[in-house]
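Note that this note's numbering has the sequence shown beginning at 2, numbered continuously upward.
Here is the structure we will look at, set down as structure tokens.
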Amino acid sequence: MTKKSEGEQLKAQLEYSFEHIGSKRPEDIEKAAVFCEGYKAFMNASKTERECCAYVKKMAEAEGYREFDPKERYAAGDRVYFVNRDKNIILVTFGKKGLEEGVKFNIAHIDSPRLDLKPFPLYEKDEIAYLKTHYYGGIRKYQWGTTPLAMHGTVLLKDGTKVNICVGEEEEDPKFIISDLLPHLSAAQNKRPLSEGLKGEELNIIIGNIPYQDEKIKDRFKLSVLRQLNERFGMTELDFTRAEIEMVPAVKAADIGLDRSLVGAYGQDDKVCAYTAVMAAFEVREPDHTTVTVLTDKEEIGSEGNTGMASRALEHFIEDICDIFGAKPRNVFRHSVCLSSDVNAAFDPTFADVFDKNNSCMLGHGPVLTKYTGSRGKSGSNDASAETMAKVIGCMEKEDVCWQIGELGKVDEGGGGTIALFMGDMNVDTVDLGVPVLAMHAPFEITSKLDVYHTYRAFCAFYRS
Ligand code: MN
Ligand code: MN
Numbered sequence: 002m003t004k005k006s007e008g009e010q011l012k013a014q015l016e017y018s019f020e021h022i023g024s025k026r027p028e029d030i031e032k033a034a035v036f037c038e039g040y041k042a043f044m045n046a047s048k049t050e051r052e053c054c055a056y057v058k059k060m061a062e063a064e065g066y067r068e069f070d071p072k073e074r075y076a077a078g079d080r081v082y083f084v085n086r087d088k089n090i091i092l093v094t095f096g097k098k099g100l101e102e103g104v105k106f107n108i109a110h111i112d113s114p115r116l117d118l119k120p121f122p123l124y125e126k127d128e129i130a131y132l133k134t135h136y137y138g139g140i141r142k143y144q145w146g147t148t149p150l151a152m153h154g155t156v157l158l159k160d161g162t163k164v165n166i167c168v169g170e171e172e173e174d175p176k177f178i179i180s181d182l183l184p185h186l187s188a189a190q191n192k193r194p195l196s197e198g199l200k201g202e203e204l205n206i207i208i209g210n211i212p213y214q215d216e217k218i219k220d221r222f223k224l225s226v227l228r229q230l231n232e233r234f235g236m237t238e239l240d241f242t243r244a245e246i247e248m249v250p251a252v253k254a255a256d257i258g259l260d261r262s263l264v265g266a267y268g269q270d271d272k273v274c275a276y277t278a279v280m281a282a283f284e285v286r287e288p289d290h291t292t293v294t295v296l297t298d299k300e301e302i303g304s305e306g307n308t309g310m311a312s313r314a315l316e317h318f319i320e321d322i323c324d325i326f327g328a329k330p331r332n333v334f335r336h337s338v339c340l341s342s343d344v345n346a347a348f349d350p351t352f353a354d355v356f357d358k359n360n361s362c363m364l365g366h367g368p369v370l371t372k373y374t375g376s377r378g379k380s381g382s383n384d385a386s387a388e389t390m391a392k393v394i395g396c397m398e399k400e401d402v403c404w405q406i407g408e409l410g411k412v413d414e415g416g417g418g419t420i421a422l423f424m425g426d427m428n429v430d431t432v433d434l435g436v437p438v439l440a441m442h443a444p445f446e447i448t449s450k451l452d453v454y455h456t457y458r459a460f461c462a463f464y465r466s
């Protein structure tokens, strides 16, 4: 081997570049593929926050977690879960150290952008029965036309019975669809800005096209649908007002690429961080610090409501735990560290213009540590301190986790937020860490298996630190 020049030596010593995990740790390619088999199954069973919460509860019970009981006494290594209104689940493994020495929070959200039905959604127009929607979270509306959709949800009938709905996920199930114009007649629509390619009030879902067999009545196509809904779920039109029904892409998670390097699925923002966080919580059985893994809701619409992170639900749960150990919640919070585990926008070579490449995350380079989110000069951002960055980088370095740094696009190109600021409000050192995603918020989002696997490794390292 030729001796390195002085310049080459200095460069190696001072410069840093984040590498593709496939070059740095090729032995992880197979491990990541195996890990993502469980991930894909999780995604197919978890299209809404309720379904995800129920699925994780089942997984946790199989791992030996018991439902949290405020009257119980707990010791290091004990594992409990707490469910908030069927939409959040918190997994706790009690640590060897006292609560006031701080806990390790890891928070991911399990709601994803979708089309919610309006409260009184059913109508017919020119012999087609439709459902009216109001979109949930940031979507590019034109992407949702002509995409096969499935119907998920929960209805409370008048007698109090709770009925779960899931139509469109099985191969033989019917699907639902929003129509769009044919190219032959879209000259006028083509002149609309892309953001109005399909407008909010045009996101109408086709649900039926056969009339009820009685020519004396009006709205026979609508009645036909109502009869079907009544037969299947026992509901009447008024029951829509006691329901949460969500339309999501009727698509299964799949490997992408001939090399199967990527995962395509609906709702990876942010269930990819939820799955990796849960798997890491399962893996780390005897942590020094108590680990608190939180799957939250409503992030996509600002974290408001009592199942979102702006709520006091988590604070109250920590108070309940503190009561058992005689700890003060404020001492717990001020000594804790939190990963706000959420996805970031992967650099997209086709749309390179919106990214600052040196400060963007690349597919296959590992989880992205995002110091700040926000927009227009970091507004609305938690902006993690150098000390918090050092702590989290330190625990990843200790276990040879591949990670990268990134921000969400170029300055003033747009922006976004996460739950980080709410944990900041609670006086917890918080930073964002998560998986890079291509085509975020689209009906079908893309991640790298190596990134998913190393995010899991990062979370394990964090819980063990
Ligand atoms: Mn997110
Ligand atoms: Mn999002």
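Each residue gets a CB set at the ideal place from its N, CA and C atoms; glycine is no exception.
For clarity, every value in this text was computed on a predicted model and none was experimentally measured.
Identified DSSP bridge partners for residue i
| i | result |
| --- | --- |
| GLN10 | Answer is none; GLN10 lacks a bridge partner. |
| GLN405 | VAL369 |
| ILE207 | TYR131, ILE178 |
| ALA188 | The partner list for ALA188 (beta bridge, DSSP) is empty, contrary to what the question assumes. |
| VAL93 | VAL81, VAL293 |
| ARG67 | VAL81 |
| SER341 | ILE108, ASP433 |
| HIS336 | Bridge partners of HIS336: none, in fact. |
| ILE447 | GLY265, LEU439 |
Rounded distance between the beta-carbons of residue j and residue i, thought under 8 Å
| i | j | result |
| --- | --- | --- |
| PRO122 | LEU132 | 4 Å |
| ASN107 | SER342 | 6 Å |
| LYS399 | SER466 | 7 Å |
| LEU434 | LEU340 | 5 Å |
| VAL35 | GLN269 | Contact doesn't hold; Cβ gap of about 18 Å is too wide. |
| TYR66 | TYR276 | Their Cβ separation, rounded to whole angstroms, is 16 Å, which puts TYR66 and TYR276 out of contact at 8 Å. |
| GLY407 | SER376 | Actually they are not in contact, since the Cβ atoms of GLY407 and SER376 sit about 15 Å apart, beyond 8 Å. |
| CYS403 | VAL344 | Not really, about 17 Å apart at Cβ, beyond 8 Å. |
| GLY49 | VAL249 | With the sequence shown as reference, residue 49 is identified as Thr, and Gly is not the correct amino acid for it. Contact holds; Cβ gap of about 7 Å. |
| GLU170 | ALA55 | Incorrect: roughly 15 Å between the Cβ atoms, too far for contact. |
The alpha helix (DSSP H) enclosing residue i, as first and last residue numbers
| i | result |
| --- | --- |
| THR456 | 450-465 |
| ALA55 | 50-63 |
| SER24 | 22-25 |
| LYS41 | 29-46 |
| GLY306 | Element bounds for GLY306: n/a, residue is neither H nor E. |
| HIS317 | 314-326 |
| THR277 | 269-284 |
| VAL412 | Counting along the chain, VAL412 falls outside any alpha helix (DSSP H), and DSSP gives it neither H nor E. |
DSSP state of residue i mapped onto helix, strand, coil
| i | result |
| --- | --- |
| LEU364 | coil |
| LYS126 | strand |
| ILE1 | For the chain, the structure presents residues 2 to 466; residue 1 sits outside this window and is missing. |
| ASP354 | helix |
| LYS119 | strand |
| VAL226 | helix |
| LEU439 | strand |
| SER376 | strand |
| ALA347 | strand |
| GLU388 | helix |
| TYR136 | strand |
| GLU102 | helix |
| GLU172 | coil |
| GLU400 | coil |
| ALA421 | helix |
Nearest-angstrom Cα separation, counted from residue j out to residue i
| i | j | result |
| --- | --- | --- |
| GLY425 | ASN383 | 6 Å |
| LYS372 | ALA346 | 14 Å |
| GLU320 | LYS358 | 43 Å |
| LEU150 | ARG51 | 18 Å |
| THR389 | PHE326 | 27 Å |
| ALA443 | SER113 | 10 Å |
| ALA311 | HIS317 | 12 Å |
| ALA440 | GLU446 | 5 Å |
| ASP117 | ALA244 | 10 Å |
| LEU420 | LEU409 | Note that residue 420 is Ile in the sequence shown here, rather than Leu. So the alpha carbons of these two residues sit roughly 15 Å apart. |
| THR147 | ASN231 | 27 Å |
| GLY417 | ARG221 | 45 Å |
| ASN191 | TYR137 | 25 Å |
| GLU203 | THR292 | 45 Å |
| PHE348 | GLU16 | 21 Å |
| LEU370 | VAL285 | 21 Å |
| GLU128 | THR162 | 32 Å |
| LYS450 | ILE206 | 33 Å |
Extent of the continuous beta strand (DSSP E) run through residue i
| i | result |
| --- | --- |
| TYR82 | 80-85 |
| ALA109 | 105-110 |
| VAL264 | 263-266 |
| LYS163 | 163-168 |
| VAL429 | That residue, VAL429, is in no beta strand (DSSP E); it is neither H nor E in DSSP. |
| ARG246 | For clarity, residue 246 is Ile in the given sequence; the question names Arg instead. It spans 244-250 - the beta strand (DSSP E) in which ILE246 sits, taken as one unbroken run. |
| HIS153 | 150-157 |
| ILE257 | 255-257 |
Within-8 Å CB hit, residue i to chain C
| i | result |
| --- | --- |
| PHE222 | Going by chain labels, chain C is absent from the structure shown, which holds only one protein chain. |
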